[in-house]
Amino acid sequence: MENFSSTGQDGFCLEDWITVADSTDPSNAPTPFDANVSTPFDANVSTPFDANASTLFNANASTPFDANTWDANAITTAAPFKEQTSLFNSSPDLSHQRSVLSTDNSLRQAMDGSDKLENDDMSLSGDHTLPSLDQQSTLTLSTAFQATPSSNRPAPDIMLISSDAVVFCVDQQTILNLSTNSFNSLLPITSTCKIERFVNLHQVDSSELNILLHVLYDLDCTQYNPPLSSILSSIDHFPQFGLSPKALIKSKTSVYEILLSQASLHPLEVYCLCGRHDIHELAIPVSSRLLSLALSTLTDTDAESMGSVYLARLFKLHRTRVETLLRLLLPAPSLHNPTSKCGFEQQKALGAAWTMTTAYLSWSAKPDISISTIRAVFHAMMKHITCPECLKGRDERLNKIIVNWSITKNTI
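In the UniProt record's numbering, the protein residues as written are 1 to 412.
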């Protein structure tokens, strides 16, 4: 399969899609079709064709287009190209994407009239129909996935076109190695015809496709500062294309770190994503950020989004931590030996205060209660205790509670 080149030599150029013929010279008559040439075009179509050329039409021919074989409305000019323009310009560009197709050039005309072509070799499953461009549409090329081979990636051999007409040049072997359904049965593309080496993804916009491809190639996409909504929707597209979020989103990968950082502000959304796709490795640290969530505020949509398994795990985490705290608060500190100032009768005040503090914490206990809060409540409820031995017993017992609470499991 041919590699893309930004030079325009044996690469993927506008003239490889269609060359506009000069209609001013009627002397050039249509030439018959050469049956020996292996071409995907219908042999019954009387279209001028140069067997030695790799372009759709002979750029040197001056024969006018045949209205019966090509959409006449797609032709807006009869002037030939003044210069060869490469579809994939490899010049540096700092923007996320840049325009490579204007509404008045011949590639757009070819796309608008591409449904008029017949191809006997077209045996591809999926959508390989060129996008229909309106009068204001332009094709843009992703700066991260261009036609020029990258030093750390295989040379691209196909194009993925997003719903908003952004072109991503990738190699299909990398995708096929990770997909279990041949990328929703859109790959592989076996044709060597350049006009057929594309896949039009109607339901995936450029921001989602950009994230999806960064995950597949294990690239860092933080430079684009993608919003959480785009990341979540992109990952939700994975199963459709036979990609496993559980296998691709692992610790130390770029997307894992991005989602983990987003969980600080949007823990429920990220946890629901983990539940939908069983990303347990990410759900563990994210669940610790849901300890402050009031489970009564969960909606039916939230519960359905995360699934019954991860919903049950979240409830179990909350219940287990509260039960653990209540168990740690009991029993009260042991009594010390009677002294002249604090006998057994006076020590009952410590026991009563401890019981009251335990009751208060039991009523207001939350899975995310902090160590400082526990300590502050005990000190506030026992201000009237003055016996040094009683206070010593209180502090020893309280320190054990604090230590055990700090090591209590706080994740699913």
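Glycine included, each C-beta is placed from N, C-alpha and C at the ideal position.
| Query | Result |
| --- | --- |
| Have a look at the DSSP bridge pairing and note the partners of VAL167. | LEU141, ILE161 |
| Looking only at DSSP bridge pairs, what is residue 413 linked to? | In the structure as shown, the chain starts at 1 and stops at 412, and residue 413 therefore has no counterpart that could be examined. |
| Closer than 8 Å by C-beta to LYS250: which residues in its own chain qualify, once you throw out the five before and the five after it? Chain order, please. | TYR256, GLU281 |
| Return the Cβ separation of ILE235 and PRO245 in integer angstroms, given the expectation that the two are a contact with Cβ distance under 8 Å. | 5 Å |
| Tell me the residue span of the alpha helix (DSSP H) that contains ARG321. | 300-329 |
| With a 10 Å radius around its C-beta and 16 neighbouring C-beta atoms as the bar for buried, classify ALA294 as buried or exposed. | exposed |
| Count the C-beta pairs between the segment 307-315 and the segment 383-395 that are closer than 8 Å, then say yes if the count reaches three, no if not. | no |
| Applying the criterion that 16 or more other CB atoms from any shown protein chain within 10 Å of the CB defines a buried residue, is PHE344 buried or exposed? | exposed |
| Taking 8 Å as the threshold, find out whether the segment 194-204 comes into contact with the segment 162-176 through three or more Cβ pairs. | yes |
| Quick check on HIS384: buried or exposed, where buried means 16 or more other Cβ atoms within 10 Å of its Cβ? | exposed |
| Only counting the same chain, and skipping five residues up and downstream in sequence, which positions put a Cβ closer than 8 Å to that of SER406? | ILE371 |
| Straight-line CA distance for LEU361 to ILE412? | 23 Å |
| If I measure Cβ to Cβ from SER332 and keep anything under 6 Å in the same chain, skipping five residues before and after, which residues do I get? | The amino acid at residue 332 is misidentified as Ser; the sequence shows Ala. Same-chain partners within the cutoff: GLY351, TRP354. |
| In three-state DSSP terms, what is PHE238? | coil |
| According to DSSP, is HIS214 helix, strand or coil? | helix |
| With VAL286 as the anchor, note down where its alpha helix (DSSP H) starts and where it stops. | 280-287 |
| Which value, in whole angstroms, describes the spacing of the CA atoms of HIS237 and LEU243? | 8 Å |
| Quick one: what's got a C-beta closer than 8 Å to LEU209's C-beta in the same chain, skipping five residues either side? | LEU160, SER162, VAL166, PHE168, LEU201, SER234 |
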